[in-house]
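Heads up, the sequence shown is in our numbering, so the first residue is 6 and it goes up one at a time.
Okay, so here's the structure we're looking at.
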Amino acid sequence: GGKVKLDGKVAKAAAEVKVGQILEIEYYNKYFKFEILQVPLGNVSKDKTSDLVKLLETKGLDIEINLDKDEDFFE
């Protein structure tokens, strides 16, 4: 399943990101929602990264892991 969404739709790795889009990321048990403010043309120094996105929301996710089942853990 997709853990990255652009404007509410599952995004592939090659998806083009545009200014004004909403980016949502689920990473392990965390959720982040960003607004894209700028899309750089090249490399960006670490101190300039906060100019690129605006954090709209973040939260921890409740996850339940049952390692006894024959399920793909990463699915």
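Cβ coordinates follow ideal geometry from the N, Cα and C atoms, glycine included.
- Look at Lys35 here: in three-state DSSP terms it is strand.
- Per DSSP, Gly25 lies in no beta strand (DSSP E) and is assigned neither H nor E.
- Within 10 angstroms of the beta-carbon of Ala19 lie fewer than 16 other beta-carbons, which makes it exposed.
- The DSSP-derived three-state label of Lys59 is strand.
- By the 16-neighbour rule on beta-carbons within 10 angstroms, Glu21 is exposed.
- When only Cα atoms are considered, Val49 and Leu66 end up about 30 Å apart.
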